[in-house]
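Everything below concerns the one structure shown next.
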Amino acid sequence: MVFAVSALPGAVFAEHGSDDSTIPNSTTSGSGGTGSSSDSGDSSSASSASDDSGRTSGSGSATREKLKAAAEQLKEKSQETHTERLEAARLNLCTNRQKEITSIMTRSITRAQNQTTLFSSIAERVKAFYIKKGKTLATYDSLVAAVTAAKTQAAADLATVKADTFSCDSNDPKAQAAAFKADLKTLTQAIKDYRTAVKNLIVGVKSVQGDS
5 MVFAVSALPG AVFAEHGSDD STIPNSTTSG SGGTGSSSDS GDSSSASSAS DDSGRTSGSG
65 SATREKLKAA AEQLKEKSQE THTERLEAAR LNLCTNRQKE ITSIMTRSIT RAQNQTTLFS
125 SIAERVKAFY IKKGKTLATY DSLVAAVTAA KTQAAADLAT VKADTFSCDS NDPKAQAAAF
185 KADLKTLTQA IKDYRTAVKN LIVGVKSVQG DS
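Heads up, the sequence shown is in the working numbering, so the first residue is 5 and it goes up one at a time.
If you want it as structure tokens, here you go:
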């Protein structure tokens, strides 16, 4: 009986040993397999997250560029609209004043024409008077030449002013108005010179007539 009892542990241990040798190997293998699967899953997740991050970053950059381009287009359109409105307002103002400006130009030309015609008439009467009286003036020819030159210059400047035009539909109405103003100023001076020349002729002819 003792021998039987003493023999039991060995048999039991032998049986357990067989089981133990199997269990650890199975456990080790299972542990190793589980670890490999976990590492693979983590790597896949990280790669997927990295790809998602790259796609998100690229998408965000493209969106910002589109929004920026859209904003620039809106700014340009707003500027164009402002310019068009400003041009329309200027055109409207010009159109309202065009009749007045044209009237001023016409009156200025008419007045200049009348003045040159008057001075020419006076000069002719003075010359006729000088010839009729038969008096001699040493500077007569030079005075008459000065009158003729002044008349020619005034006529040329008057023609220039007559050629000036003004229209709100032109490329630069402001430049047209400025050109007319400058030409009119030149004509005004030419008419003054013409008047002075005629006056000098009158004074010269009168100086040789005496009391008679």
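Beta carbons: idealized from backbone N, C-alpha and C, even for Gly.
DSSP places Phe-170 outside both helix and strand once states are collapsed to three, so it counts as coil. By the C-beta criterion, the stretch 152-159 is judged to be in contact with the stretch 184-204, since at least 3 inter-stretch pairs fall below 8 Å. Minimum Cα-Cα distance from Ser-107 among the listed residues Ser-124, Lys-210 and Phe-170 corresponds to Phe-170.
Scanning its chain for C-beta atoms nearer than 6 Å, with the 5 sequence neighbours on each side dropped, one finds around Asn-204 the residues Leu-147, in chain order. A distance below 8 Å separates the beta carbons of Val-212 and Thr-140. In this structure, Ala-153 is the residue among Lys-136, Ala-153 and Arg-101 with its C-alpha nearest to the C-alpha of Val-202. In this structure, the CA atom of Arg-111 is about 29 Å from the CA atom of Ala-92. The beta carbon of Arg-115 lies closer than 6 Å to none in the same chain, with the five residues before and after it left out. With contacts defined by Cβ atoms closer than 8 Å, Ala-183 and Asp-168 form a contacting pair. Check the Cα spacing between Thr-192 and each of Lys-70, Asn-118 and Lys-136: the tightest is with Asn-118.
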